[in-house]
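Sequential numbering of the sequence shown, starting at 3, is according to my numbering.
Glycine included, each C-beta is placed from N, C-alpha and C at the ideal position.
What follows is a single structure, written as structure tokens, with notes after it.
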Amino acid sequence: MLRTLSDNQGKDGNFMLIDTDVLIWLARDNANAKKMLLNNDIKYISIITYMEVLQGVRNKAELNAFLKQIKTDNYHILPLNEEIGNYAGELVKNYYLSHNMQMFDALIASTAIFYNKPLLSANAKHYAFIDELQLVRFVV
Numbered sequence: 003m004l005r006t007l008s009d010n011q012g013k014d015g016n017f018m019l020i021d022t023d024v025l026i027w028l029a030r031d032n033a034n035a036k037k038m039l040l041n042n043d044i045k046y047i048s049i050i051t052y053m054e055v056l057q058g059v060r061n062k063a064e065l066n067a068f069l070k071q072i073k074t075d076n077y078h079i080l081p082l083n084e085e086i087g088n089y090a091g092e093l094v095k096n097y098y099l100s101h102n103m104q105m106f107d108a109l110i111a112s113t114a115i116f117y118n119k120p121l122l123s124a125n126a127k128h129y130a131f132i133d134e135l136q137l138v139r140f141v142v
């Protein structure tokens, strides 16, 4: 079982960890993504999400727009640690064959659990089977 941070250490009200897919919807100017993300003063993403977006940009303009958004829109990038990595390994071991649990999704889910944050994602099928995870379904 993954140890979570106490309320005083890691939880700020209803602030959520934002999955990569929601940031992609935001970049595509999706109204629901704008409504969800522009209403929170503080937004959290995993370092995995940060790197996934960096790898997904198609040009320098998209890269610069993303980096500006991270800085100006008050995103906090949550790091990995040994516990998150170990728990992600357990998720892959336990769920790869039955649910096709992927490494990056396991790391993002483990980050949300460790930091005691709900995960906002449109990809419910990637996470719904993880009992410890507080999943908030993003509707496109």
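DSSP three-state assignment for residue i, whether helix, strand or coil
{"i": "I72", "result": "helix"}
{"i": "V142", "result": "coil"}
{"i": "L80", "result": "strand"}
{"i": "N102", "result": "coil"}
{"i": "S8", "result": "Because the pLDDT of S8 is 41, which lies under 50, any placement of that residue in the model is unreliable, and the question is left without a value."}
Candidates the options: closest to residue i by CA position
{"i": "A35", "options": "E84, A108, G87, A124", "result": "A124"}
{"i": "L19", "options": "E85, H101, Y77, K62", "result": "Y77"}
{"i": "N88", "options": "L109, D75, L99, I47", "result": "L109"}
{"i": "F131", "options": "V142, F68, D23, Y98", "result": "Y98"}
{"i": "D133", "options": "F140, A114, V142", "result": "A114"}
{"i": "K127", "options": "D31, A90, N32, N102", "result": "N102"}
Strand pairing of residue i, partner residues [DSSP]
{"i": "H128", "result": "Looking at the DSSP assignment, H128 forms no beta bridge with any residue, so it has no partner."}
{"i": "S112", "result": "BP columns for S112 are empty, so no partner."}
{"i": "L137", "result": "L121"}
Beta-carbon spacing of residue i, residue j below 8 Å
{"i": "Y129", "j": "L80", "result": "no"}
{"i": "F106", "j": "I26", "result": "no"}
{"i": "D23", "j": "K45", "result": "no"}
{"i": "L122", "j": "M53", "result": "no"}
Cutoff 8 Å: residue i Cβ touching any chain C Cβ
{"i": "N34", "result": "No chain C appears in this structure, which consists of one protein chain only."}
Which runs of the beta strand (DSSP E), 3 residues or longer, sit entirely within the region 16-66?
Qualifying beta strand (DSSP E) stretches, in chain order: 45-48.
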